Amino acid sequence: MKQQPYPPQEQNVQPGMEYLMKPRPIFDNPNYKGSDKLKDKVAIITGGSRGIGYATAEKFLQEGAKVVITASSPENAGKAASKLHQAYPGATVLGISPDLSNLESVRSAFKQVAESLGSIDILVNNAGITRDGLLLDV
-15 MKQQPYPPQE
-5 QNVQPGMEYL
5 MKPRPIFDNP
15 NYKGSDKLKD
25 KVAIITGGSR
35 GIGYATAEKF
45 LQEGAKVVIT
55 ASSPENAGKA
65 ASKLHQAYPG
75 ATVLGISPDL
85 SNLESVRSAF
95 KQVAESLGSI
105 DILVNNAGIT
115 RDGLLLDV
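Take the sequence shown: its letter number 22 is residue 6 in our numbering, and every next letter is one higher.
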């Protein structure tokens, strides 16, 4: 009988706590090499400067996409795009900050993206707001 690579584990509290697991879970494999599934596709990711949007941008870049992230301010868009450039040298990453509540602002920004990168192939609508900042309301 083949021996299990890890000892059985159980936690009485749900959800379980990753820090208690042995070995600790790997959330992102540092050895992963993309397979160009999205090579030369243009993706716009709203809310791409942090959190789930930023993680999505990273995965798309690993797969060869040209990525445009939106943020609520030019500073946030620039910082996130710069960080992605450092992590993925040679990749195409742009940071923009259109007013997503204004249709004309969005149209203008998307038109500029299409003119500079070609057709837009993927849109990830990830941006959102929380009025009072309480996670419990989500």
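Quick reminder that beta carbons are idealized off the backbone N, C-alpha and C, glycines included. Remember, predicted model here, so these are calculated numbers, not experimental data.
Thinking residue i and residue j are a contact (beta carbons under 8 Å), I'd like their distance in whole angstroms, please.
{"i": "residue 51", "j": "residue 77", "result": "5 Å"}
{"i": "residue 64", "j": "residue 55", "result": "6 Å"}
Using C-beta distances below 8 Å, list every residue in its chain close to residue i, excluding the 5 sequence neighbours before and after it, in chain order.
{"i": "residue 97", "result": "26, 28, 52, 78, 80, 104"}
{"i": "residue 99", "result": "none"}
{"i": "residue 73", "result": "none"}
Between the options, which has its C-alpha nearest residue i's C-alpha?
{"i": "residue -10", "options": "38, 110, 5", "result": "5"}
{"i": "residue 69", "options": "86, 38, 84, 89", "result": "38"}
{"i": "residue 57", "options": "88, 84, 7", "result": "84"}
{"i": "residue 7", "options": "-8, -2, -4", "result": "-8"}
{"i": "residue 18", "options": "-2, 66, -3, 75", "result": "75"}
Beta-carbon within less than 7 Å of residue i's beta-carbon, same chain only, minus the 5 sequence neighbours each way: which residues are those?
{"i": "residue 22", "result": "44, 47, 48, 49"}
{"i": "residue 112", "result": "31"}
Using a Cβ-Cβ cutoff of less than 6 Å, which residues in the same chain neighbour residue i once the five nearest sequence positions on both sides are dropped?
{"i": "residue 60", "result": "33"}
{"i": "residue 82", "result": "89, 90, 93"}
I'd like to know whether the C-beta of residue i is nearer than 8 Å to at least one C-beta of chain D.
{"i": "residue 62", "result": "Included in the structure is just one protein chain, with no chain D present."}
* Asked: If you pair each beta-carbon of the stretch 85 to 97 with each one of the stretch 3 to 18, do three or more pairs fall below 8 Å?
  -> no
Report the residue ranges of all alpha helix (DSSP H) runs contained in full by the stretch 55 to 100; include only those spanning at least 4 residues, in chain order. 58 to 71
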